[in-house]
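*Asks:* The structure is given below, and queries will be raised subsequently.
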Amino acid sequence: MLFISNARYDRIYFSVFDQLLRSGTSIGANIIEAKSGSSTKDFRNFYNIALKSANETKYWICLIRDTILLDEKEKLNKLLNEADEISKIIASIIINLK
């Protein structure tokens, strides 16, 4: 969220940044939902949604890095690495639940 609030971008790209914000915040929201799940299946389903959101977040970061904020590649690569690590952690949790 901090990156998006500090980014300088043309209004035409608002929807791309909005999608990044939505998918990025969806990760944490679904993990919190999983913690209050009523069953292991419910827990796993919310983690699957969180993983999908993490992968979507990586897509939006790559799109922004490669087309919109070319001068911010280093920061975006760092965010991409963090999103990738989060995806790996979530995927590992899902695998261990099976």
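Per this note's numbering, the sequence shown starts with residue 1046, numbered consecutively.
We put the beta carbon where it would ideally sit given N, CA and C, even for glycine.
Given 8 Å as the limit, is there contact between the stretch 1076 to 1083 and the stretch 1098 to 1116, that is, 3 or more CB pairs closer than that?
*Replies:* No: the two stretches stay apart, fewer than three of their Cβ pairs being nearer than 8 Å.
*Asks:* Counting only runs of 3+ residues fully inside the stretch 1057 to 1109, write out the beta strand (DSSP E) ranges in chain order.
*Replies:* As far as the stretch 1057 to 1109 is concerned, it has no whole beta strand (DSSP E) run of at least 3 residues.
*Asks:* Taking the straight line between their C-alpha atoms, what separation do you get for S1060 and W1105?
*Replies:* Here residue 1060 refers to the residue found at position 15 when the sequence shown is read from its first residue. Here residue 1105 refers to the residue found at position 60 when the sequence shown is read from its first residue. The straight-line gap from Cα to Cα measures roughly 11 Å.
*Asks:* Got a sec? Which residues, its chain only, sit under 6 Å from E1078 by beta carbon, not counting five neighbours each side?
*Replies:* Translated into positions along the sequence shown, residue 1078 becomes position 33. Excluding residues within five positions, the ones whose Cβ falls inside 6 Å are F1091.
*Asks:* Are the CB atoms of I1139 and N1075 nearer to each other than 8 Å?
*Replies:* Position 94 of the sequence shown, counted from the first residue, corresponds to residue 1139. Position 30 of the sequence shown, counted from the first residue, corresponds to residue 1075. Not in contact: I1139 and N1075 (Cβ atoms no closer than 8 Å).
*Asks:* Rounding to the nearest angstrom, what Cα-Cα distance links S1137 and I1113 in this structure?
*Replies:* Reading the sequence shown from its first residue, position 92 is the one you call residue 1137. Reading the sequence shown from its first residue, position 68 is the one you call residue 1113. One C-alpha to the other measures close to 32 Å.
*Asks:* Where do the N-terminal and C-terminal ends of the alpha helix (DSSP H) with E1119 fall, by residue?
*Replies:* The residue you call residue 1119 lines up with position 74 of the sequence shown. Taken as a continuous stretch (DSSP letters only), the alpha helix (DSSP H) holding E1119 covers 1118 to 1142.
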